Amino acid sequence: MKKILIFAITALLMLGAVIPAHAGLQPFEVEAKAALVMDYDTGQILYAHNIDEALPPASITKLMSMYLIFEALESGQISLDEKVTASSNVLMSADSSQIFLAPGEELTVKELLLSIAIISANDAGVAMAEHIAGSEGAFITLMNDKARELGMTQTNFANVHGLDAANHHMSARDIAILSRAILRDFPDVLDYSSIRHLRLDRETRYVREGHFDLNSTFTSLIGWRNVDGLKTGWTPQAGRGITATSLHNDRRVIAVVLGTETIAIRDAETKKLIDYGHDQFEPRTVLETEVVVETLNIANAREREVNVVLQSDATVLLKPEMSVADLHVEKEFMDDIAAPLAEGEQVGTYRLLWDEETVLEIPLTVNEDVTQANFFVRTLRYLSDALTQLGGWIMDKIS
878 MKKILIFAIT
888 ALLMLGAVIP
898 AHAGLQPFEV
908 EAKAALVMDY
918 DTGQILYAHN
928 IDEALPPASI
938 TKLMSMYLIF
948 EALESGQISL
958 DEKVTASSNV
968 LMSADSSQIF
978 LAPGEELTVK
988 ELLLSIAIIS
998 ANDAGVAMAE
1008 HIAGSEGAFI
1018 TLMNDKAREL
1028 GMTQTNFANV
1038 HGLDAANHHM
1048 SARDIAILSR
1058 AILRDFPDVL
1068 DYSSIRHLRL
1078 DRETRYVREG
1088 HFDLNSTFTS
1098 LIGWRNVDGL
1108 KTGWTPQAGR
1118 GITATSLHND
1128 RRVIAVVLGT
1138 ETIAIRDAET
1148 KKLIDYGHDQ
1158 FEPRTVLETE
1168 VVVETLNIAN
1178 AREREVNVVL
1188 QSDATVLLKP
1198 EMSVADLHVE
1208 KEFMDDIAAP
1218 LAEGEQVGTY
1228 RLLWDEETVL
1238 EIPLTVNEDV
1248 TQANFFVRTL
1258 RYLSDALTQL
1268 GGWIMDKIS
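Residue numbers (this note's numbering): 878 to 1276.
This is the structure:
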């Protein structure tokens, strides 16, 4: 059975700990079906409204397509300058967001990626899906597999572009998880999502001017408080939605707003959340990695007592008015921990909680290599432990 230890945060005050704000605190309302603001560095959610309801995400779907495109670029499967030939599957209805690809037309991976990032082109998304996976269906499987891998529990993709479809949904929390992942794993995404305007030189039977202009879908936000991404979306069922990110005073936040009626409301609520995330919180370190948070007794280790530390500093976002007495720490250890263990190997998880809600989660690791005791020592310890247990059982019976 896993060992779980919980104690009040006041026990940390002796170590100079600082307590984060309540993640679920609602200091204001938003005019949206769901909304949140997340601190990028810690993953801490600073504001939450209906963040776990599965909702239609519209073109925010394409953020997952972009993640997989960047992943294919990093692995060498594709390159930015290689040509992609559009199939007949790229043909979209006239009112669809698109660059009007013609079947047989060739554009580079970079041109298609720019089209997805800047104007949310549905046809470009289909072309890239087929280029990477062979078919849109196979690419959708990759999208859903990646969602599971990233821990997106309320997400299911039924297409690559986000048009309304049965069983196609994401939650605000999942969108924030994906946004944080693409920023962490592929920061170059901002070189694409921050572009306001770009002209593609091309001419087909659908594009006769010799060029096609790409104009950002959220021009009104790009540059405000250093907003540099990430993705917008709209469909009749989804309404207006956005996942936006802003870097201010060396701290990045991610704001997600879903289901507003107009662009103006979407942008106003996004600005409200970004202001709140930047202006009402500051990072504080509760515990540093060098602090021993637990000493484990590992029966087969050469040195039986093994110190456990945090994999990284426990840094949280703090609001000054919050009480320090209400946060709790939970330490959960894996089953059957045994030597040998390498320095830095995970043996458990450290959590900060407010009202049973996890605010921060960090792996617990051993702070040095743990070697196995020899056979003779292990045998003696086994016999000693067995005799101790037997003695305890006898004393219980006598008493």
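Don't be surprised by glycine CBs; every beta carbon is placed ideally from N, CA and C.
Since the model is a prediction, treat every value here as computed from it, not as a measurement.
Quickly, what does DSSP pair residue i with across the bridge? List them, please.
i                  : result
phenylalanine 1089 : Leu1077
serine 1123        : Val1104, Val1130
isoleucine 1239    : Tyr1227
aspartate 916      : Val1130
methionine 1047    : Leu932
lysine 960         : Thr985
asparagine 966     : Its beta-bridge partners do not exist; DSSP assigns none.
glutamine 1249     : Ala1178
Whole angstroms is fine: what's the gap from residue i's alpha carbon to residue j's?
i               : j               : result
asparagine 1251 : asparagine 1177 : 8 angstroms
glycine 981     : lysine 960      : 11 angstroms
alanine 1006    : leucine 991     : 15 angstroms
asparagine 927  : tryptophan 1231 : 18 angstroms
aspartate 1051  : asparagine 1021 : 12 angstroms
leucine 950     : glutamate 1198  : 46 angstroms
histidine 1088  : glutamine 1031  : 40 angstroms
glutamine 1223  : histidine 1046  : 33 angstroms
alanine 900     : isoleucine 922  : In this prediction, alanine 900 has a pLDDT of 44, which is less than 50 and means its spatial position is unreliable; nothing more can be read from the coordinates.
lysine 1149     : isoleucine 1142 : 10 angstroms
leucine 1204    : leucine 1229    : 7 angstroms
glycine 1110    : alanine 1004    : 19 angstroms
serine 942      : alanine 1024    : 11 angstroms
leucine 1091    : leucine 1077    : 7 angstroms
aspartate 1241  : valine 1186     : One detail in the question is off: residue 1241 reads as leucine in this sequence, not aspartate. Using only the alpha carbons, I get a separation of about 6 angstroms.
glutamine 1249  : isoleucine 1214 : 12 angstroms
valine 1170     : glutamate 1220  : 15 angstroms
isoleucine 1275 : leucine 1194    : 54 angstroms
alanine 912     : proline 904     : 13 angstroms
For residue i, name the three-state secondary structure that DSSP assigns.
i                  : result
arginine 1117      : strand
aspartate 1186     : Residue identity differs from the one stated: residue 1186 is valine in this sequence, not aspartate. Reduced to three states, the DSSP call for valine 1186 is strand.
phenylalanine 1034 : coil
histidine 926      : strand
alanine 1191       : strand
lysine 1274        : helix
valine 1084        : coil
glutamate 1220     : coil
lysine 939         : helix
alanine 994        : helix
valine 1003        : helix
glutamine 921      : coil
leucine 1173       : strand
alanine 900        : Residue confidence for alanine 900 is low, a pLDDT of 44 falling below 50, so the modelled location carries little weight; the figure read from the coordinates is stated next. Coil.
alanine 949        : helix
So, are the CB atoms of residue i and residue j less than 9 angstroms apart?
i              : j                  : result
threonine 1166 : valine 1183        : no
aspartate 916  : phenylalanine 1158 : yes
proline 1217   : valine 1236        : no
glycine 920    : arginine 1102      : no
leucine 968    : leucine 1055       : no
threonine 938  : leucine 957        : no
alanine 1115   : alanine 1132       : no
arginine 1073  : serine 1093        : yes
alanine 1043   : isoleucine 1017    : no
valine 1163    : alanine 1191       : yes
arginine 1181  : proline 1160       : no
threonine 1147 : alanine 979        : no
lysine 987     : threonine 1137     : no
Measure from the C-beta of residue i to each C-beta in chain D and report whether the shortest distance is under 9 angstroms.
i            : result
leucine 1077 : Judged by its chain identifiers, the structure shown contains no chain D, having just a single protein chain.
* Taking only runs of the beta strand (DSSP E) that begin and end inside the region 1127-1170, which ones reach a length of at least 3 residues, in chain order? -> 1128-1137, 1159-1164
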